[in-house]
Every structure is written in C-alpha cells, then in structure tokens.
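**Student:**
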Amino acid sequence: MSETLRGRQLVEIPNEDIAPTSFSFGPFFLFPDARRLTCRGQQVKIGSRALDILIALVRDAGLVLSARDLLARVWPDTVVEAGSLRFHVVALRKAMSDVDPGVTYVMNVPGRGYTFVAVVASRSEAIGLDLERKTALVPWGGQPGLHHSDTATIVGRKHEIEQVIRQLACRRFVSIIGAGGIGKTTVANAVVRKLADDFGGRVVSIDLSVLQDSDLVSSALVSALCKGKEAASISEVCASIGRTRTLVFLDCCEHVIDGVAQAVEVLFQNATGTYILVTSREVVNVDGEFVYRLPPLEVPPPGETLNAHDALNYSAIRLFAERVAQTGCRFELTDENTKLVGRLCRELDGIALAIELAAQQLPTFGLAGILELVNKKRRLMWHGRRTAVPRHQTLGAMLDWSYSLLTELEQVCLRRLAVFVGGFTLDAAVAVAGANDIDSARVLEAINQLSNKSLLDVRSHDHGVRYFLLDTTRSYAYFKLEDAGELKEMCARHSAFYAAFWLLDDEPENASDSSFPELGNLRAALEWALICEHDISQGCKLVALYTKLLLKRSLLGEARKWTEIALSKLGDLEPGSLTELELIGAYAQALMFTDGNTEDVRTSYIRGLSIALSLGDAVRHDRLLCGLIPSLYLISDFRGALAYAEQAVKSIIARGEDASVVQSMLGVASHMTGDIKRSSIAWDSIVSSGRTSQVFTVKMAEFGVDPFFRALCGRARNLWLTGHYAEAERIADEAIEKARFLGHLATQCITLVWAGEVFTWMENWTRLAGIVDELEVIAGANGFVPHRHAATGIRGQLACADGRYTESIAMLEACLDGMKKCLYTMPVSAFRNSLGTALCANADTTRAILVCEEAIEAIEANGDELYLPKLLMTKANALRMSGDHEAAMLCLRNALRVAKKQGATAYEIQIRRAGRFDA
C-alpha cells in the first residue's frame, strides 16, 4: 500500500493501476459502468453497439483501433461483417453531432481503422486524491474542427506521474533523477499541477538554472518561501513554516547540487509540513530523500517486427508520431516505416527532447534523412568534464545533429546567445551576438529562424517579450562557444551590456528578486568579471550598481556578499575612487542590518566620508552621513547622531535639495534626547506633505528606511507622550499597515519595533503579541539579527504582563545580551526598564534598583533622556517596595521634572498618580 495527498489527510491507496470510472471530452461525460453518455447534463440517445464502440475508442484515445480490433471488442462472440461496424460508427457520429454540431470526435484513418481525436479527461473515484488525467490528442493529418489542448501533450508518462505522487505522499521528499532531456521537468510540472489544489495553492516552484553559485540556493529558496524576499538561512524560516502544508519544487539542481543538499536537508528535517520535489541528473544524497529514477520512453527492441498499430504501444514512437502531426506534416505511421521509426527512437535512447527535435525536422529532411544525420553523430552520450555553468553534456551530444542543420549565421548567433542566463531582450541579443561583426538586421533574421526552428523560445513577460534558450540547448551552444574560441569575448560583451544597462538607470521600480527578469544575467556578468577576475574594475562598478536593486528590495544578505567580494578584489586597484565609495556605502548598510551595528560599519562610513571629501563630492558625503547617523543612534550615541544630522540638514538645504531624509533622522535624534517639540516639527512637515510611500523608493534604497515611515511612527509616539492616546494608536496602526503594503522588509521591521512600542506604553498586550509574531517571521527569515533580539525583548514584556516573571526576566536578559553583542543598543533603555519592572514583580528589588541605576547612568552618557522618566518611576517603585520611601519620592520628583521639561504629558500624569502630587 502507498498513500496520496488529500486535503490535510493521507489516504491509503493501492499501488496497482486504477481503472477510471468516467471520462469527459468537450461538453460530454461518458460513464462506461452505467452505460450512459450525457451532454450538458442531458442524456444522449445512442444505440448499445454505438456506445460500446465509443467506450472502446475513448479508453484508447489517440490510438488507431483497427476494424478487426473494434469488432472483437464490441462483438466478442459473434461473427460480424465490417459493414455493421461502419453502420454503428455513422450512428455514433450522428448522435454526437446532433447535440454538439460541427465537431469531429471519431475519425477514420484510411486503411488502418478509427481513432478518437479530442482532449479526454478521466477520473477515478477509487483514488483519494483527484488524479485527473488529461490527454491532448493531435489529429492525424491536421484536420480542422477539433478540440486541442493549450499545452503540449504528455506522452507515456501517466504511470510515472502517479508513482511520483504516491511516493511524495508517503516519503515527503522525492528526487526525479535522469539524463538531460529525458522529461524530468515535464513529469514534475505535471505532478505539481495535479497537487496544487491539494496544497491550497501553497506551491513554491523555483528554476535553479538561473543560479550559478551554490551559496545562493538557500537564499533563493527562502526568498521564495517568504514571498519573493531574500533571506540569510534556510533554518531561520523553518519555524515560520512549521507544519503548514507546502509543496516545494526545485528544478534543474545538478549544477548547484551542494547548495541544494544543504538547503533541502534542513527544510525536510525542520519543516514537517513541507513536501519537496526535486529534478536533477545527480542524486541529492541526503537523509529523507527517495530517489525516483525516471526511465526513458519505451522503445521497441532491436529486430522486432512491428505493424503500425502495435508500434503505437511504445511511448517513444507515439511521441514521435504526435509531434510530427503537430508540425503539420502529412506523415503517416505505416507497417512499412515502423522499423525505421523504431530504429530512430532507439538511436535517440528514448530521450523525449531528442525525439521531439527529430520530429520537427521531418518536414524538411524526411525520415531517412534524419536517420542519416543521427548516424553521423555517434556521440549520443558525452562524458565530459563537470563545470558549474555548462551542463547536460549528454544532450549536448544529442543536439549536435540539430546544430549542423543551421546556417552559419544561425550557428554563430545560437552559440553566442548561450552567454545569457534566464532569458534576454532583443536589444541584448543584438548587442551581444552582433556587436561590431554582425549587422543587427542579420542578427534579427537569425533570431527569427532560431525561433521558427524551436531552438529559441519566445515568451510574453511583464516587462515585454523575452527570448529563452532551452537549458539543454544553451548548454550545448555554450560548448560550441568554447570550441569556437569566442567565450571570453562574448562574456565580455555580455558583462559590458549589463553594466551599461545599469548605467542607464533602466531598472524598473517594481523589480523584485522574483519578478525582475535580468537577475540571472546580472549574476552571470558578475561571476565572469569579478569572480573569474576577467575585468575586476568593471565587475566592481557593476556590483556598485547592482546593490542598488538589492538594497531597494531588502536583499541585504546578497548585497553584503557581493560588496564584500568587490571590495576585497578592488584592493589597491582603484583606491579612493567613486566605485569604492559606492561599494563602501552599500556594504555598511547591508552589514548593519545583517550582522549588527559592528565597528566595521562605522569604520566603513568613516572611510567613505574621507573619500567623498577627497573627491569634493558633497552630495555623496551627505548621503554617507545619512547612513552614519542611524548607525550612531543604533549604538545609543544620540548626541553624535544629532550633531551629524544638524550638519547634514544645513548642507542639503543650502544646496536647495530635499532634506526630508535627514530631517526624519534629525527627528529621531531629537526624540530620543527628549526634545519632543523639536522632533514633532521635523516629522510633521514630512507626514503633512502628503507624499506617498512610493515617492521615497530611491531614498529608501540608500538609507534602509523610508523617511515617511520614520516620521509617521514618530508622530504616533509623540501623540502618545503628549496624552493623545486614541490618535496615537490610530497612527501607529496606519504606519504598520502601510509598511506592510510597501513590502520593504527593513522598513517593515523598524516600523514594527518603532510604532509597536506605542502599544507597549498603552499596555495593549493583545495587539503587541500580533506585532511580535510578524516581527519574528520577517527578522528570522531575512537574517535581521538586531531585530531578532528586539523580538525576544518584546516577548519578555508580554511574559511579564502575563505574570510569567521568571520567564520574562530570562528573555529580557537574553535580549539585552544579544543587543550588546551586535551593538544595537538603541532600545536598550526601554528593555532595561522592562527588566526592572519584571524584577520588581518577582520581588527582586535589589537587582531591580541596580538595573535601573545602570540604565540611568547609560542615559546620562548617551543622551537618550526620553526613557529617563519611566526608569525613575521604576526605580522609585523598587525603592518603595524595599522600604526606602524617602528615596522613592525623590526619584518621582526627578521624574516629574524631566517629564515636564520634555513635554511628556503622559508621563506627568503617571508620576503624579504614583507620588500623589498635586497637579
């Protein structure tokens, strides 16, 4: 027994083939057991023998049944003349045309018999999962008036598809293994389509062919699981997936097999609701993997004598015949040519793609001509070197004959197009394949012919029409490019084109890691120029441009990786250059979010400021200041942040530029130093300007957080501090919702922490619990280390509110320790206050006093006086509990003085109630 997937249950089903109980085609439903045919809900009047003929033809839809075979099935124990069969076929056709006129379902194949030519779907009630079988049949001779499927027919793979589904149900992790072009992706896609509804649409499908670096597999997988956003580690997202039923399909894994192995093993072991489907030439070879080796299509053994009818029982021959029919060629499989067709399929080893390519050439060269070409290329299976980019060496040998059919111009263009990864535009093709030695009109002519010959795929895309080489074709052409000695030149052209692409600033504003079509080409250009060190200078410039996209989309892990590589390669090559300046700014920002606000962040910013001054570049100098300022207040250097913010505001305004970014930062520094009025002035002008979040997209890329959201969160905080509680709650919710809609993860994380503190002050623990749930998922999935510690601290606050004081103390101490290690101390005063509160609740007043005193001393050094009134109140409570009422009252008086100075009405009210002071 094995299992299949059904809703949220696993239902056992037998392994043996299950006969379908009903068929559908066009508007008809056929129920063989009930001997009933309906059309649009009404029963069709049809004779018993005509119905028997229909059942026989539908069950073998697509096959030609001879008159003798049909007579044997319909009249098994009676001798009947062929005329009776023709009579009942005519009656069958008339009965169907009466209710569905103008459509032919049963066709006569002269000299051979009859065939059913329509798209047939069959269902089996015995299978728990809805295993819908669809067969798109192409008519012999291309007759008009028939139903055709929208996608290519899958031939001879029904059993394999169902086996993969069964094994996936009980194993959870199945790798479809086989040679290139054998049909792994075809089978896997069919499995995914059949299971999509069962998983409620929670299907993640990733084509790994666009990646050339194993280190990026985990990032690509988790980004897809997190709705197109980049992440640092697969293990960090498993907790968020948990037991949620999800189907993950990783296609084309062999060239990045090490990265796939590391990612799927962690995913399989830690996300128990996740089912994994892999296609690869090579076994992944990790725990939990069930290997399903996909066999070739069935071919007749050598020397077997076949007639046309029996030959169609072999799936390879059936595929060849159907693909020839799709070309419009009037080829007919006969008793005379079946031997040649069988030989051709054997020569091609039953490889589906090879058979399809052969069928496409039949109209031009005929069957004997194709056989001659194949026989001249005996190297059907190459066993060459393994490389990261060129793959499918076996299919490369198979494609040799197809390549020989191209004109010289087409051959040149095909092999040159192999440098593209994941598709390309027409402009890119002309620039790279043509350049100075081939006229653009001739390149366009070659592309048109390659498309006509199905060697180049043309697809509509959100960003326009794009062109694709099949992965196997691309690998073959790549080898040809090496053999021709053109690889280095074409890679140089490719890299130069995409460098120029970025210099023109054509990157779409709505681009993301999953939707932007040029990421594969950009990564390939970087690999060639930078990793392979063919053009380090250009590679570094390209990284500087590429990271703008990465930072816009919060793909901070990849931004950090590429900038680290570029800076290490740049070395003394271009010291003090504009390129180094751009790389340093991007590196510092990415590092600040992914590894914490380490000393390396500030060192990088200081180095960048020095370069900007030496270049006399005031604009970039101020931009770097806008990056340095957050790094300062993240380590609680609020006075330093305030001084730099004031300097930057003056400089930017003096140049007549928009200073909203740095004004939002000035608001933060003023707010944290307790100057509520000044921060409100800085923020209100930004919020009241009425700018939408989209206006700040470019600025967000450079400084990590949209200034509008800084200001909106700040307004909510100041409203609460000045006693406008309901409005503060409304604005905080607005900020969180708009940040979620924006989809920029760094902004979203900071908004959750910054606006979320309003709900801590309000003691709205239910709302805060929802906020921290969201924060944990984003920070964990994207490697935002500082915000993971913030989430731990918020959990500690919730535990204290719930009366779990020991647990609260442990979590708050872990939060403070983590923040200290990654130098993210901006919220430390707030969490120290929460720790003091939890210690008081746990009757540990001595430690509570020490924690508060330590926090107050740090505030005096750093300047974040905003939290001073609250800490003095907490210390006063600890002193009162320990019996020192006089010291407690002194703390409260100091707290009241500070709160008045700040204009923090909310704190004043709390302090007066605690000390019973008169208003």
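Residue numbers (my numbering): 13 to 931. By construction, the Cβ of each residue, glycine as well, lies at the ideal position given by its N, Cα and C atoms.
#1: Between the alpha carbons of Leu426 and Cys265, how many angstroms are there, rounded?
#2: Give the secondary structure of Thr837 by DSSP, where H, G and I count as helix, E and B as strand, and everything else as coil.
#3: Between which two residues does the alpha helix (DSSP H) carrying Tyr645 extend?
#4: Please report how far the alpha carbon of Ala911 lies from the alpha carbon of Phe843, in whole angstroms.
#5: Could you tell me if Leu891 is buried or exposed, where buried requires 16 or more neighbouring beta carbons within 10 angstroms of its beta carbon?
#6: Use the C-beta contact count for Arg178: other C-beta atoms within 10 angstroms, 16 or more gives buried, fewer gives exposed.
#7: Short check: CB of Phe721 to CB of Ala751, under 8 angstroms?
#8: What do you reckon, are the CB atoms on Arg632 and Ala624 nearer than 8 angstroms?
#9: Whole angstroms is fine: what's the gap from Leu392's alpha carbon to Tyr488's?
#10: Using only alpha-carbon positions, find the residue among Glu294, Arg729, Val176 that is nearest to Glu746.
#11: Spatial neighbours of Thr917 within its chain, please: C-beta separation below 6 angstroms, excluding the five flanking residues on both sides.
#12: If I follow the unbroken alpha helix (DSSP H) through Phe933, where does it start and stop?
#13: Taking the straight line between their C-alpha atoms, what separation do you get for Leu554 and Ser580?
#14: Determine the direct distance from the alpha carbon of Val765 to that of Cys827, and round the result to whole angstroms.
#15: Between Lys913 and Ser217, what straight-line distance do the alpha-carbon atoms span, to the nearest angstrom?
#16: Between which residues of its own chain and Gln175 is the CB-CB distance below 8 angstroms, once the five residues before and five after are set aside?
#17: Cβ of Leu595 within 8 angstroms of Cβ of Thr575?
#18: Around the C-beta of Tyr919, are 16 or more other C-beta atoms found within 10 angstroms, so that it is buried, or is it exposed?
#19: Are Leu306 and Gly195 touching if we call contact CB-CB under 8 angstroms?
#20: Whole angstroms is fine: what's the gap from Arg48's alpha carbon to Ala320's?
#21: Ignoring anything shorter than 3 residues or poking outside the region 180-238, list the beta strand (DSSP E) runs there in chain order.
#22: Which value, in whole angstroms, describes the spacing of the CA atoms of Ala537 and Ala441?
#23: Comparing alpha-carbon positions, which option in Gly795, Lys564, Phe753, Gly726 lies nearest Gly768?
#24: I believe Ile382 touches Val295 by the beta-carbon criterion, under 8 angstroms. Please report the beta-carbon distance rounded to the nearest angstrom.
#25: So the alpha helix (DSSP H) Ile253 belongs to, where does it begin and stop?
#26: Asp361: buried (16+ other C-beta within 10 angstroms of its C-beta) or exposed?
#27: Secondary structure at Leu360, three-state DSSP: helix, strand or coil?
#28: Which residues share a DSSP beta bridge with Met831?
#29: List the residues that DSSP assigns as beta-bridge partners of Asn932.
#30: What separation, rounded to the nearest whole angstrom, lies between the Cα atoms of Trp540 and Ile868?
#31: In three-state terms, what does DSSP make of Leu418?
#32: Check each candidate in Ser230, Phe343, His506, Phe432 and name the one with the smallest Cα separation from Phe377.
#33: Is it true that the region 61-80 meets the region 99-107, where meeting means three or more beta-carbon pairs spaced less than 8 angstroms apart?
#34: In chain order, what residues of the same chain lie with their CB nearer than 7 angstroms to the CB of Ala445, ignoring the 5 residues before and after it?
#35: Tell whether a beta-carbon distance below 8 angstroms holds between Asp612 and Leu603.
#36: Ala409: buried (16+ other C-beta within 10 angstroms of its C-beta) or exposed?
**Tutor:** This is what the structure gives:
#1: Position 414 of the sequence shown, counted from the start, is the residue given in the question as residue 426. Position 253 of the sequence shown, counted from the start, is the residue given in the question as residue 265. Roughly 24 angstroms separates the two Cα atoms.
#2: Sequence index remark: in the sequence shown, residue 837 carries index 825 (1-based). If DSSP states are grouped into helix, strand and coil, Thr837 belongs with coil.
#3: Within the sequence shown, residue 645 is the residue found at index 633, counting from 1. Element bounds for Tyr645: 630-646.
#4: Residue numbering aside, residue 911 sits at position 899 when the sequence shown is read from its first letter. Residue numbering aside, residue 843 sits at position 831 when the sequence shown is read from its first letter. Cα to Cα, Ala911 sits roughly 19 angstroms from Phe843.
#5: Looking up residue 891 in the sequence shown gives position 879. Buried is the call here.
#6: Sequence index remark: in the sequence shown, residue 178 carries index 166 (1-based). With 16 or more other Cβ atoms within 10 Å, it is buried.
#7: As a working mapping, residue 721 is identified with position 709 in the sequence shown. As a working mapping, residue 751 is identified with position 739 in the sequence shown. For the 8 angstroms CB-CB criterion, Phe721 and Ala751 form a contact.
#8: The residue given as residue 632 occupies position 620 in the sequence shown. The residue given as residue 624 occupies position 612 in the sequence shown. Yes.
#9: Along the sequence shown, one-based indexing puts residue 392 at 380. Along the sequence shown, one-based indexing puts residue 488 at 476. Interpretation of Leu392 is limited by its pLDDT of 32, a score under 50 that renders its predicted location unreliable; the figure taken from the coordinates is listed afterwards. Cα-Cα distance, rounded: 12 angstroms.
#10: Position 734 of the sequence shown, counted from the first residue, corresponds to residue 746. Comparing Cα-Cα distances from Glu746 to each of Glu294, Arg729, Val176, the minimum goes to Arg729.
#11: Taking the first residue of the sequence shown as 1, we reach residue 917 at position 905. Here the set comprises Thr734, Gly735.
#12: Here the chain has residues from 13 to 931 only, and residue 933 is not among them.
#13: Working through the sequence shown from its first residue, we reach residue 554 at position 542. Working through the sequence shown from its first residue, we reach residue 580 at position 568. Each residue's Cα considered, the two are about 15 angstroms apart.
#14: On the sequence shown, position 815 is the one that residue 827 refers to. On the sequence shown, position 753 is the one that residue 765 refers to. One alpha carbon belongs to Cys827, the other to Val765, and they sit about 14 angstroms apart.
#15: Taking the first residue of the sequence shown as 1, we reach residue 913 at position 901. Taking the first residue of the sequence shown as 1, we reach residue 217 at position 205. The alpha-carbon atoms of Lys913 and Ser217 are separated by roughly 58 angstroms.
#16: Sequence index remark: in the sequence shown, residue 175 carries index 163 (1-based). Contacts found: Tyr304.
#17: Within the sequence shown, the letter at position 583 stands for residue 595. Within the sequence shown, the letter at position 563 stands for residue 575. Yes, they are a contact pair.
#18: Stepping through the sequence shown from its first residue, residue 919 is reached at position 907. When all chains shown are included, Tyr919 counts as buried.
#19: Along the sequence shown, one-based indexing puts residue 306 at 294. Along the sequence shown, one-based indexing puts residue 195 at 183. The answer is yes: Cβ separation under 8 angstroms.
#20: Taking the first residue of the sequence shown as 1, we reach residue 48 at position 36. Taking the first residue of the sequence shown as 1, we reach residue 320 at position 308. Each residue's alpha carbon lies about 32 angstroms from the other.
#21: 185-189, 215-219
#22: Your numbering for residue 537 matches position 525 in the sequence shown. Your numbering for residue 441 matches position 429 in the sequence shown. So the two alpha carbons sit approximately 15 angstroms from each other.
#23: Translated into positions along the sequence shown, residue 768 becomes position 756. Taking only the C-alpha atoms, the option nearest Gly768 is Gly726.
#24: For the purposes of this step, residue 382 is taken as the residue at position 370 of the sequence shown. For the purposes of this step, residue 295 is taken as the residue at position 283 of the sequence shown. So it is not a contact: roughly 34 angstroms between Cβ atoms.
#25: As a position in the sequence shown, residue 253 is number 241, starting the count at 1. Per DSSP, Ile253 belongs to the alpha helix (DSSP H) from 247-253.
#26: Position 349 of the sequence shown, counting from 1, holds the residue named residue 361. Here Asp361 is buried: its Cβ has 16 or more other Cβ atoms, across all protein chains shown, within 10 Å.
#27: Your numbering for residue 360 matches position 348 in the sequence shown. In the displayed model, Leu360 falls within coil according to three-state DSSP, outside both helix and strand.
#28: To locate residue 831, count along the sequence shown from 1; it is residue 819. According to DSSP, Met831 bridges with nothing at all.
#29: Since the displayed the chain opens at 13 and closes at 931, residue 932 lies outside it and no answer follows.
#30: Translated into positions along the sequence shown, residue 540 becomes position 528. Translated into positions along the sequence shown, residue 868 becomes position 856. Going by the C-alpha atoms only, they are around 54 angstroms apart.
#31: Taking the first residue of the sequence shown as 1, we reach residue 418 at position 406. It is coil, neither helix nor strand.
#32: Stepping through the sequence shown from its first residue, residue 377 is reached at position 365. Per the Cα distances, Phe343.
#33: Contact between the region 61-80 and the region 99-107 is established, with three or more Cβ pairs separated by less than 8 angstroms.
#34: Position 433 of the sequence shown holds residue 445. Its chain contains Cys425, Arg428, Leu429, Val455 as the residues whose beta carbon lies nearer than 7 angstroms to that of Ala445, once the 5 sequence neighbours on both sides are disregarded; these appear in chain order.
#35: Translated into positions along the sequence shown, residue 612 becomes position 600. Translated into positions along the sequence shown, residue 603 becomes position 591. Closer than 8 angstroms, so yes.
#36: On the sequence shown, position 397 is the one that residue 409 refers to. With a pLDDT of only 45 at Ala409, under the threshold of 50, the placement of this residue in the model should not be trusted, and no figure is reported.
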